[in-house]
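**Student:** The structure under discussion is supplied below as structure tokens; questions concerning it will follow.
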Amino acid sequence: SQLAEENSWALSVHEGESVTVNCSYKTSITALQWYRQKSGKGPAQLILIRSNEREKRNGRLRATLDTSSQSSSLSITATRCEDTAVYFCATDANAGAKLTFGGGTRLTVRP
Amino acid sequence: EAGVTQSPRYAVLQEGQAVSFWCDPISGHDTLYWYQQPRDQGPQLLVYFRDEAVIDNSQLPSDRFSAVRPKGTNSTLKIQSAKQGDTATYLCASSLRYEQYFGPGTRLTVL
Chain A
-7 SQLAEENSWA LSVHEGESVT VNCSYKTSIT ALQWYRQKSG KGPAQLILIR SNEREKRNGR
53 LRATLDTSSQ SSSLSITATR CEDTAVYFCA TDANAGAKLT FGGGTRLTVR P
Chain B
163 EAGVTQSPRY AVLQEGQAVS FWCDPISGHD TLYWYQQPRD QGPQLLVYFR DEAVIDNSQL
223 PSDRFSAVRP KGTNSTLKIQ SAKQGDTATY LCASSLRYEQ YFGPGTRLTV L
């Protein structure tokens, strides 16, 4: 089984709505990273949240981390069509040296 | 700054053929990663280097896959005798600290 996995395979929202992607993991971590991958591109990092942090923000993005339940969430407010992508959580057990990616959540933002 | 570049972008092979993928990381990045991403799945680490040294190749199918980074800059991933199960996108990433920067990938189809 995967060490990190998102809890939904696909989500769909209308532009302007908020959406949350959830992730659960099964290993001790030093940090958890959220990545976004648009069609035909490589993943791009959105947020890195360290194990001693509970929340991190980056513009319209907000990530939370609960190490006791081994879960994380990524919330996007005021979604835009260009947020359409696959969102991955990736666990980091060695200070960024080696990431384990989940299977991804496919988000579609409709006009 | 220039991003991670990969070539070729696409490759189509018959089973049993060999193929090489080339990666040029971001200048100054000491760590380079190769991932395999099957369709609709997250990236799965194959091997990573720090400078010219292999740090972890435990997930690299050693009988058919090989990877080198001879001068600690560019890297080549080679599949000696491709199988249909190798059909996937091969991603290269580089990093200096916690964030990995991904190239666009090479989409491989083995017929």
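From first to last, the protein sequence lines stand for chains A and B. Counting from -7, one number per residue, gives the positions in the first sequence under my numbering. Counting from 163, one number per residue, gives the positions in the second sequence under my numbering. Built from N, CA and C at the ideal position, the CB exists for glycine as well.
Which term fits T271 (chain B), buried or exposed, when burial requires 16 or more other beta carbons within 10 angstroms of its beta carbon?
**Tutor:** Taking the first residue of the second sequence as position 1, residue 271 (chain B) is located at position 109. Exposed: under 16 other Cβ atoms inside 10 Å.
**Student:** For K33 (chain A), which residues in chain B fall below 7 Å Cβ to Cβ?
**Tutor:** Within the first sequence, residue 33 (chain A) is the residue found at index 41, counting from 1. Within chain B, the residues near K33 (chain A) are P266.
**Student:** For V78 (chain A), which residues in the same chain have their Cβ closer than 6 Å to its Cβ, ignoring the five residues on either side in sequence?
**Tutor:** For this step, residue 78 (chain A) is matched to residue 86 along the first sequence. The residues are Q29, G96, R98.
**Student:** Suppose the cutoff is 6 Å on Cβ atoms and the five residues either side in sequence are ignored; what does the same chain contact list for K48 (chain A) look like?
**Tutor:** Taking the first residue of the first sequence as 1, we reach residue 48 (chain A) at position 56. Excluding residues within five positions, the ones whose Cβ falls inside 6 Å are I39, I41, A55.
**Student:** Looking at the structure shown, is Q25 (chain A) part of a helix, part of a strand, or coil, going by DSSP?
**Tutor:** The residue labelled residue 25 (chain A) in the question sits at position 33 within the first sequence. Q25 (chain A) falls in the strand class under three-state DSSP.
**Student:** From V216 (chain B) to R102 (chain A), what distance separates their C-alpha atoms?
**Tutor:** Counting from one through the second sequence, the residue named residue 216 (chain B) turns up at place 54. Counting from one through the first sequence, the residue named residue 102 (chain A) turns up at place 110. Looking at the two C-alpha atoms, the distance is approximately 44 Å.
**Student:** Can you give the beta carbon distance from S237 (chain B) to C254 (chain B), rounded, assuming they're within the 8 Å contact cut?
**Tutor:** Working through the second sequence from its first residue, we reach residue 237 (chain B) at position 75. Working through the second sequence from its first residue, we reach residue 254 (chain B) at position 92. S237 (chain B) to C254 (chain B), Cβ: 7 Å. Contact.
**Student:** Contact defined as beta carbons within less than 8 Å: I believe L24 (chain A) pairs with C81 (chain A). What is the distance between those atoms, to the nearest angstrom?
**Tutor:** As a first step, residue 24 (chain A) must be located in the first sequence, where it is residue number 32. As a first step, residue 81 (chain A) must be located in the first sequence, where it is residue number 89. The pair is a contact, with the Cβ atoms about 6 Å apart (cut-off 8 Å).
**Student:** Pick helix, strand or coil for R42 (chain A), following the three-state DSSP scheme.
**Tutor:** Position 50 of the first sequence, counted from the first residue, corresponds to residue 42 (chain A). The answer is strand: DSSP assigns R42 (chain A) an E or B state.
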